[in-house]
Amino acid sequence: MDVDRRALSMIDAPLPIDEALPRIKTALREATRLVLAAPPGAGKTTRVPLALLGEDWLAGRRIMMLEPRRIAARMAAERMAAILGERVGETIGLSTRIDRRVSAKTRIEVVTDGLFTRRILAQPDLPAIGAVLFDEYHERSLAADLGLALARDAQGALREDLRLVLMSATLDVARVAAAFDAAVVESQGRAYPVETIYLGKSNDPIEDQTACAVRRALREQAGSVLVFLPGVREISRTAERLADLPPEIDVAPLFGALAPAEQDRAVSPAPAGRRKVVVATDIAESSLTIEGVSAVVDAGLARIAEHDPAAGVDRLVTRKASRASVDQRRGRAGRLGPGVCYRLWDEEATRGLAAEPTPGILSSSLASLALALAEWGEADAARLSWIDAPPPGRLEAARLELRRLRALDGDGALTALGRDMARLPLDPPHAAMVAGANLGADRALAALIAIIVSERGLGGGSTDLRERVERFKADRGARAEALRKQAAHWSDSLAPGPASNAGTVLAQARPAMIAKARPDTPGAFQLANGRIATLDKGDPLAGAPWLAVADLAGDARSARILLAAPLSEDEALAVGGVETAEIAAFDIASKSVKARRVKRLGAIVLEEAPLPSPPKAAVAAALAEAVRSHGLDLLPQAGAIRAVQARVSLARTLLPELTLVDDAALLDRLDEWIAPLLGDPPSLDRATEDAARRAVLSLIDWNDARKLDELAPTAFAAPSGRMLTIDYLAPGGPAIEARAQEFFGLAQHPSILKGSTPLVVSLLSPAHRQIALTKDLPRFWREGYLDMAKDMRGRYPKHDWPADPAGARPHEGKTKKRLGTS
């Protein structure tokens, strides 16, 4: 019997995806790309690969199925192997960073998406692979998007017969299918109704709120409870608060760093007569099926990787989960029957959630992607097909980072070090640490450090990297053994150097993370990248004068050191590099530039002295930075700039392609226009208002500037012959003013924007006081002028106040400056 028929014949419980299997097979016989949308629990992960094994187009090749997480890859492989009555390593294989079970019999290989990237870079034609299935594609990991782009490129150039399938629980199917140029099969799944109970926002710690909600769910519902929290710390604290639950209720944590046996315990059904509380990260949203759950408690948070440009690495930060994520979590309560979802926020807050998670390609570091593209031989990412293309600016920043790490040469090609880095399944900074270390003990130690930093939970929870290294070396667990073996393979050495060298090895790879203690604040450190980060005052490392920092939590305002190793000052200065620079900075209180000569390691100031006569270039840079930091209103000529902005804003209603000159645009292009205003020697108040206007207008194309003058001119020709400045900042809209006599003979109201916008006309007395304000001058001549003229004749009998001002001869005159200029 064919393997796929044997597999399906052994399945005793039908799943929703079964009805879609014929459509999936037909689609892949007729085309080579498919988007499969099916909700969590539909069965797509295990059913689809098995159903495809007998297809003619597979022709003896393997199916490779990608999973974004190791735990999901392992459980998918074990479930499919169990269906076949086999063990993993036979028909069903598994390849992850720490677990490889594959044989000559393997027809379906489940791999993590990062390993697939390495596989296709090594063999672009994927000779043994007939289909690549991207499971849980909605998670939009950077590795999955990169792997998909490379696979599509290989499919177009080398393997037209290669099948590519995107499988997802929640996906913008129309958009993805259009970008992927693929057929679509949708399976509706099967779900029971789920009641949603909003518990409201609270200022209590999240673990206290969660534990309270779990107790309520256990009281009000039958069955097991699935809890969603952002990370391991919150899971552990919540589990502690639930330690006094009745003995028939098991509390089972679930996250990626757990041992396989503990993960299996969490996802397996509760024994008869018992209940379970599974406290999980978002890994349980869709990748795993947890039996027996009738209630969900959702904290509404997710821990995601966001790029930290200053540190050059990704940081895990806690954010509100997306609407798609919380909907998936809610659905987990309705798998077996009607369920309930308890949400730890107010109902109206749901509407403010982002629709979907931000793809990793738009939020994470692109250094690994840039390194892979260099290895692929593609200098222009735009020539590949992406669901979401990597942002060009961030991609260029990633290439600059790779050049700093010496992975790319000046032409963007891989260096010898870059080729060594590309072979390592590490992010580029840690790959550089391993590949750049001396062969032997230093490289072996660097490999251990890279493993500890990139794998959560190894070596305990100490902030001291030396202690973590020693504990990792002594750990006899299966995970630790596998990872030490991998580290030894990277370094070609089984004898790492002493842990006391950890700070030096780490600092050499990441000099921007060297930190010096701040004498004014115990436990606070100044990092070379400019950040301030802290340790608890009681931490043994808090008294160290210098540190090499391996990991931080929090943002730029409140960074916390999670892992570090001490350095001597000599080591820090030798590794980090010291420079002497003349620095000028604007002092907002005195409105002046103050300068100093500093000896520094990055942002760490070692010595400094006042500099009475700073270089002009330094003063100009300080003034420009002050404007960038404090805004355009710092400039004395801000009024003239605001008038130009107002003109352009009005003109854009008819000429939308006109260059933006709002504050954001001007500050973004500050270096293009600020220099002429500062003059020589540089000063904020040296330029005239006219010079400020010209500087801003220089950003606009000449032809567009001519059109701007036509639509929104700077002046209006009065009947008297004098040019009246149009004040674009007047409260009632663009305005002109002059003595009433200068407007005599004007029968049509003045306007701009091709007549669509009337100017506000301010008529002044001979003493230059406002006597009338109008947006309809012909009507004013007819209705309001006569009373005004009667009054004015009595006050100013020597001046002309004709009965018919619209037909009278205008009088020339001078107007005192009252309104702002443009």
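Residue numbers (the working numbering): 1 to 822. From the three backbone atoms N, C-alpha and C, an ideal C-beta is built for every residue, glycine too. In this text, all values refer to a predicted model and were calculated from it rather than measured experimentally.
Close Cβ partners of residue i (< 8 Å) along its chain, the five nearest in sequence each way excluded
i	result
Ala372	Thr117, Leu121, Leu146, Leu150, Ala422
Pro14	none
Gly457	Val232, Ala257
Thr757	Leu650, Gly733, Pro734, Ser751
Thr714	Arg647, Thr725, Ile726, Ser822
Glu86	Ile92
Three-state secondary structure (DSSP) of residue i
i	result
Arg116	Here residue 116 is Phe; the residue named in the question, Arg, does not match the sequence. Of the three classes helix, strand and coil, the one that applies to Phe116 here is helix, per DSSP.
Asp685	coil
Trp345	coil
Lys823	Coverage of the chain is limited to positions 1 through 822, which leaves residue 823 absent and any answer about it impossible.
Phe586	strand
Phe255	coil
Ser592	strand
Leu162	coil
Val102	coil
Leu408	strand
Lys599	strand
Phe744	coil
Gly823	Absent from the structure is residue 823, since the part of the chain shown begins at 1 and ends at 822.
Gly639	helix
Ile283	helix
Asp314	strand
Arg652	coil
Ala437	coil
Lys816	For Lys816, the predicted structure reports a pLDDT of 41, less than 50, and the residue's modelled location is therefore unreliable. A value from the coordinates is still provided. Reduced to three states, the DSSP call for Lys816 is coil.
Thr821	Confidence at Thr821 is low in this model, with a pLDDT of 41, below 50, so its placement is unreliable and no value can be given for it.
Leu562	strand
Met1	Annotation note: pLDDT 38 at Met1 (below 50); position unreliable, no value reported.
Leu362	helix
Cβ-Cβ distance between residue i and residue j below 8 Å
i	j	result
Ala564	Ala553	no
Leu52	Ala131	yes
Arg175	Ala128	no
Leu133	Leu58	no
Leu606	Val578	yes
Val194	Val297	no
Pro614	Ala572	no
Ala144	Pro68	yes
Val434	Arg443	yes
Gly89	Arg101	yes
Leu288	Ala82	no
Thr45	Ala20	no
Ala398	Ala389	no
Val828	Leu254	One cannot answer for residue 828 here, as it falls past the ends of the chain, which runs 1 to 822.
Neighbourhood of residue i by C-beta distance below 6 Å, restricted to the same chain and skipping five residues each side
i	result
Ala823	A query on residue 823 cannot be resolved here, the shown segment of the chain reaching from 1 to 822 and no further.
Leu164	Arg33, Val132, Ala151
Lys201	Trp345, Asp346
Leu773	Ser762
Ile249	Arg275
Trp801	Ala789, Met792, Arg793
Arg518	Ala524, Gln526
Asp282	Ala302
Pro246	none
Ala270	Ser224, Lys276, Gly292
Supposed contact pair residue j and residue i - C-beta distance, whole angstroms, cut 8 Å
i	j	result
Leu678	Ala620	5 Å
Pro230	Thr318	5 Å
Ala512	Asn529	4 Å
Ala544	Ala533	At roughly 13 Å, the Cβ-Cβ gap does not stay under 8 Å, so Ala544 and Ala533 are not in contact.
Beta-carbon proximity list for residue i, same chain, < 7 Å, skipping 5 on both sides
i	result
Lys817	Here the model assigns Lys817 a pLDDT of 42, short of 50, so the residue's position is not dependable and the matter cannot be decided.
Leu759	Phe716, Ile726, Pro734, Ala735, Ile736, Pro750, Ser751, Ile752
Gly300	Lys320, Ala321, Val326, Arg343, Leu344, Trp345
Leu424	Ala431, Val434, Ala435, Trp490
Glu569	Pro545, Trp546
Leu697	Val644, Ala705
Distance cut-off 7 Å: residue i Cβ against heavy atoms of the ligand ADP
i	result
Leu148	Among the components modelled here there is no ligand, and therefore nothing to report on the ligand ADP.
Exercise. Given 8 Å as the limit, is there contact between the region 318-328 and the region 249-264, that is, 3 or more CB pairs closer than that?
Worked result: no
Exercise. Touching or not, the region 495-512 and the region 460-470, by the rule of three or more beta carbon pairs under 8 Å?
Worked result: With the rule of 3 Cβ pairs closer than 8 Å, the region 495-512 counts as touching the region 460-470.
Exercise. For the 8 Å Cβ check, are there 3 or more pairs between the region 32-46 and the region 217-228?
Worked result: no
Exercise. Counting pairs of beta carbons, one from the region 386-401 and one from the region 358-372, are three or more of them closer than 8 Å?
Worked result: yes
Exercise. Are the region 235-247 and the region 200-219 touching by the rule of at least three beta carbon pairs closer than 8 Å?
Worked result: yes
Exercise. Quick one: any contact between the region 701-721 and the region 664-678, if contact means 3 or more CB pairs under 8 Å?
Worked result: no
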